[in-house]
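A.B. asks: Input: one structure, supplied below.
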Amino acid sequence: MDLLNAFIAVLNYVIVPATAYGAQLALGALGVTLIYGILRFSNFAHGDTMAFGTALTILVTWAFQALGISFGPLPTALLALPFGILGTALFVLGTDRVVYRYYRTIRAAPIYITMVSVGVMFVMTGLTRFIIGVGEIKFDDGARFLITAREFKTLTGLAEPLAIRSTQAITLVAAGLVVWALFWFLAKTRTGKSMRAYADNEDLALLSGIDPNRVVMVTWIIAAALATIAGTLYGLDKSFKAFNYFQMLLPIFAAAIVGGLGNPLGAIAGGFVIAYSEVAVTYAWKKVAMYLIPGWEPESLLQLLSTEYKFAVSFAILIIVLLFKPTGLFKGKSV
Amino acid sequence: MSTHQPKAAKGGKWRAPAMFGALAVLFILEGTVSNTMFSGHWDNALGILRVGLISAILALGVNIQWGYAGLFNTGVVGFLALGGLAPVLVAMPPTEGAFAAGGWGILFAFAVAIVTLIIAVTLYNRIRGKLRGWVVAAVLVLGFVAYRTLFDPAVEAIQAINPAATGYLGGLGLPTLLSWPLGMALAAGAGWIVGKTALGLRSDYLAIATLGIGEIIVAILRNEEWLARGVLNVNGIPRPWPVPYETDLQQDPGFVARVADFGFDPMVGSTLLVKLLYIGLFVGVLAVLMWAAQLALNSPWGRMMRAIRDNEVAASAMGKNVTGRHLQIFILGCTVLGLAGAMMISLDGQMTPSSYNPLRYTFLIWVMVIVGGSGNNWGAVLGGLLIWFVWIKAGEWGPLLMGIVATGLSEGSVKDHLLDAAPQMRLVIMGAILLLVLRFSPRGLLPEK
């Protein structure tokens, strides 16, 4: 029984939240890695693209709520998501037209384009804060729990509760669908194949008649969609705050690099590696230890690092990967 | 950096003096003219100049890294914050009994951590085969457990000492000026750790690694209460020599008589004098830094740096150790950032870790360097002063402008929202300035020669 309780405690406090967080990071890292693979720069504006998309989604959600439109047990934000994606995609395509395209045509150094993305980041973060403010916003509605702690306890008779929030379940389902659609698109469709060809070898792809403008456009649309979905899911699961999305940049980049920059499969793996490590390192293992070793009551909380240092975990993993395997777990680009 | 190099800047050798002259006019207008754009108070103008000088030093540090060597440091805020820790450690009075209670324990814990790391690295290099991973991991785990058993009680003991007022180790009670070299050393140490791991890899890895170290240093300052009271802030850090306190001046009859001769109120006179002394101090530091930086830039070493920046492959073919030089210059730049951090906290007189915002202290500095002219030290100083002025004034102009825009609107939530959100517009303005300069004048206001 104690073993089962320990397992449920780990499930409830580590595995379930980390899986949802990992899926959100994976979606974010996929966007970063796609832009890196095809447009060949590290996009520092990605965190704020997520924030921008989420802000638009929240605005549409509020409009729907005001009109009395709801999505039954699911959050209204899911209905608003397509509009958020549309707005973000249009904005991002606009930045490409006005800003990035010039640097592509002059073939500027990647680090220079990264610098340019800092300018875009400033504009996007300013606009997001202008539109929706700097405060914390909760916008989840609909059913809150798939299974509540109390239900689980009465159902199983265990001492430890297991609560699964509906946002966590939605995150997993949505992330699964998105990833499936993305990989299908990249593997099977003509445009997807041309994107992969362009990422592998730009010159050869151009020689074989692939339209670079089309590839770039589709990449930005996909990246905007991924960013908006990741941001909205994260916001539903936790809450929306512009600055937190900026701070997500580090774990997202860490996930993309750990997996191997430019490698979509790696980005997903990296997202989960970062998320599980972050949650496991900042979780207080005292309760689990007491279940596993009867009669032992540790004095400390058995918490490796306090939760404020969760960024240190992404950073440490990033450094370890840079030291020992700079191309990442899955082979990324080594340009 | 880009392959696109525009023609040489217009104006020749008079360009820099003209730009600095225009900048001076801006500050003079701020000090004298009172209208919707300028405040007309010398107090404001000098206050902006004072922090602008620190911004100029920050921009100089970033320019050493980016302009000399093309290194993209996105953790400026971290090195700045680390430098800011130095005045707390040096100038604050020591907390009675804190060192005896837990100071030695913490030092001992750190020693254990360092020894563990050394053992782990040595074992990693000595052992071959499958066993290596397990042995190193075991050493690290054991070391960590030992470290935490020593560290946690020591921290608790320190934080238990009068938590409302101190609850931290305190400083050494030495003059504040002595903390500036320490700030430089702290930032240099952090720079060495980051540079050692992230340099020599792809260029944007450094950008991402520094982003991480920046976040972590600020997180440490926010959470380690034994060190600098975390979010409880350390107040009352003594001013650096030779800056006096306004209240002391106002009570000094000699001073009051002297300012009366110039026709000043003692209140106004003392605040102006304090600001001017700070400005004099900062100008002195900036002048020394500029002298050293210009000397370095024009030396054979500086030529080598530019050669490496412009063509790494050619430079390494000529036998230059590119990664080694990059590490050197990265540490050098971080040292300057640490100095600026220590100066800023000496100026503020308090350590407030929650005010270290990366947008303000990392990316705004980047705007300064790019606008001023990357690779040109005078450009960095110009950019630092100018952008800081614009940043401060844009915070005031934004709401004014929005008020004008919103006059046509009827009273209501939309208008309120516009007025509330207006200060955020300066982020957009800064982004637009950065993008415009990068696109149309990538060499900045004062281009590199």
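These protein sequence lines are chains C and V, in that order. Each residue of the first sequence is one higher than the one before, counting from 4 in our numbering. Each residue of the second sequence is one higher than the one before, counting from 4 in our numbering. Backbone N, C-alpha and C define an ideal beta-carbon position, used for all residues, glycine too. The structure displayed is predicted, hence computed values, not measured ones.
Say whether chain C places a C-beta atom closer than 9 Å to the C-beta of S444(V).
C.D. replies: No, its Cβ sits nowhere closer than 9 Å to a Cβ of chain C.
A.B. asks: Taking the beta carbon of P445(V) as the centre, do at least 16 other beta carbons fall within 10 Å, making it buried, or is it exposed?
C.D. replies: With 16 or more Cβ atoms within 10 Å of its Cβ, P445(V) is classed as buried.
A.B. asks: I'd like the ranges of any beta strand (DSSP E) spanning at least 3 consecutive residues and lying wholly in the stretch 24-68 of chain C.
C.D. replies: You should have found no qualifying run.
A.B. asks: Can you grab the Cα-Cα spacing for the pair L49(V) / G217(V), in whole Å?
C.D. replies: C-alpha separation (whole angstroms): 30 Å.
A.B. asks: Go through the stretch 96-121 of chain C residue by residue and report every complete run of the beta strand (DSSP E) that reaches 3 residues or more, in order.
C.D. replies: Whole beta strand (DSSP E) segments, 3+ residues: zero.
A.B. asks: What residue range does the beta strand (DSSP E) around L149(C) cover?
C.D. replies: Run containing L149(C): 148-150, per the beta strand (DSSP E) assignment.
A.B. asks: Can you name the residues that DSSP bridges to M198(C)?
C.D. replies: Looking at the DSSP assignment, M198(C) forms no beta bridge with any residue, so it has no partner.
A.B. asks: Would you say Y208(V) reaches chain C, if we count a Cβ-Cβ gap shorter than 9 Å as a contact?
C.D. replies: Yes, contact with chain C.
A.B. asks: So that I know if they touch, is there some Cβ in chain V lying closer than 9 Å to that of S309(C)?
C.D. replies: So, interface residue.
A.B. asks: Going by DSSP, name the residue or residues bridged to L77(C).
C.D. replies: L77(C) is bridged to F74(C).
A.B. asks: Secondary structure at M354(V), three-state DSSP: helix, strand or coil?
C.D. replies: Note: M354(V) maps to strand in three-state DSSP.
A.B. asks: Using a 10 Å radius around the Cβ and a threshold of 16 neighbouring Cβ atoms, would you call G50(C) buried or exposed?
C.D. replies: With 16 or more other Cβ atoms within 10 Å, it is buried.
A.B. asks: In chain C, which residues lie with their C-beta within 7 Å of the C-beta of L61(V)?
C.D. replies: Those do not exist, as L61(V) stays about 16 Å from chain C at its closest Cβ, beyond 7 Å.
A.B. asks: Measuring straight from C-alpha to C-alpha, what distance separates L165(C) and A146(C)?
C.D. replies: Between L165(C) and A146(C), the C-alpha separation is close to 17 Å.
A.B. asks: Would a C-beta distance cut-off of 9 Å place A126(V) and V118(V) closer than the cut-off?
C.D. replies: Correcting the residue type first, residue 126(V) is Leu in the shown sequence and not Ala. Taking 9 Å as the Cβ cut-off, L126(V) and V118(V) do not qualify as a contacting pair.
A.B. asks: In terms of residue numbering, what span does the alpha helix (DSSP H) encompassing G272(V) cover?
C.D. replies: From DSSP, the alpha helix (DSSP H) with G272(V) extends over 269-301.
A.B. asks: State yes or no: is the C-beta of S182(V) within less than 9 Å of the C-beta of S37(V)?
C.D. replies: Going by C-beta atoms, S182(V) is not nearer than 9 Å to S37(V).
A.B. asks: Which residue marks the beginning of the alpha helix (DSSP H) containing G194(V), and which one marks its end?
C.D. replies: It spans 182-201 - the alpha helix (DSSP H) in which G194(V) sits, taken as one unbroken run.
A.B. asks: Taking just the CA atoms, how far does I31(V) sit from I41(C)?
C.D. replies: About 50 Å.
A.B. asks: Would G378(V) be called buried (16 or more neighbouring beta carbons within 10 Å of its own) or exposed?
C.D. replies: Buried.
A.B. asks: Just verifying my parser: in three-state terms, what is the DSSP assignment at R168(C)?
C.D. replies: The answer is strand: DSSP assigns R168(C) an E or B state.
A.B. asks: Output needed for A162(C): all residues of its chain with C-beta closer than 6 Å, excluding positions within five of it in sequence on either side, in chain order.
C.D. replies: These residues qualify, in order along the chain: N8.
A.B. asks: Check G453(V) in the structure and name its three-state DSSP category.
C.D. replies: With chain V covering only 4 through 452, there is no way to say anything about residue 453(V).
A.B. asks: Just mark M4(V) as buried or exposed, buried being the case when its beta carbon has 16 or more other beta carbons within 10 Å.
C.D. replies: Its pLDDT being 43, under 50, M4(V) is placed unreliably by the model, and the measurement read from it follows with that caveat. Result: buried.
A.B. asks: Can you tell me whether E159(V) is buried or exposed? The criterion is at least 16 other CB atoms within 10 Å of its CB, across all chains shown.
C.D. replies: Answer is exposed; the Cβ neighbour count stays below 16.
A.B. asks: Sort M187(V), H420(V), A25(V) by Cα distance to M346(V) and report the nearest one.
C.D. replies: Of the candidates M187(V), H420(V), A25(V), the one whose C-alpha sits nearest the C-alpha of M346(V) is M187(V).
A.B. asks: Using a Cβ-Cβ cutoff of less than 6 Å, which residues in the same chain neighbour E139(C) once the five nearest sequence positions on both sides are dropped?
C.D. replies: Taken in chain order, the residues that qualify are S242, K244.
A.B. asks: What's the gap between the Cα of G273(C) and the Cα of L33(C)?
C.D. replies: So the two alpha carbons sit approximately 10 Å from each other.
A.B. asks: If you run the structure through DSSP and keep just helix, strand and coil, what is G336(V)?
C.D. replies: In the structure shown, G336(V) sits in a helix (DSSP, three-state: H, G or I).
A.B. asks: Classify T157(C) as buried or exposed, calling it buried when 16 or more other Cβ atoms lie within 10 Å of its own Cβ.
C.D. replies: Per the 10 Å Cβ criterion, exposed.
A.B. asks: Between the stretch 73-85 of chain V and the stretch 326-340 of chain V, do at least 3 Cβ pairs fall closer than 8 Å?
C.D. replies: Contact between the stretch 73-85 of chain V and the stretch 326-340 of chain V is present, because at least three Cβ pairs lie under 8 Å.
A.B. asks: Taking 9 Å as the CB-CB cut-off, is G170(V) touching chain C?
C.D. replies: Not an interface residue.
A.B. asks: Can you find the residues in the same chain that come closer than 8 Å, C-beta to C-beta, to S303(C), ignoring five residues on each side of it along the sequence?
C.D. replies: Contacts found: K289.
A.B. asks: Taking G192(V) as the reference, which of L340(V), A163(V), G70(V), A435(V) has the closest Cα?
C.D. replies: Residue L340(V) is the option with its Cα nearest to G192(V).
A.B. asks: For the alpha helix (DSSP H) containing S317(C), list its first residue and its last residue.
C.D. replies: S317(C) -> alpha helix (DSSP H) spans 313-327.
A.B. asks: Which same chain residues end up closer than 6 Å to E451(V) when comparing Cβ atoms and leaving out the 5 residues on each side of it in sequence?
C.D. replies: Counting only Cβ-Cβ distances below 6 Å, and skipping sequence neighbours, we find G378, N379.
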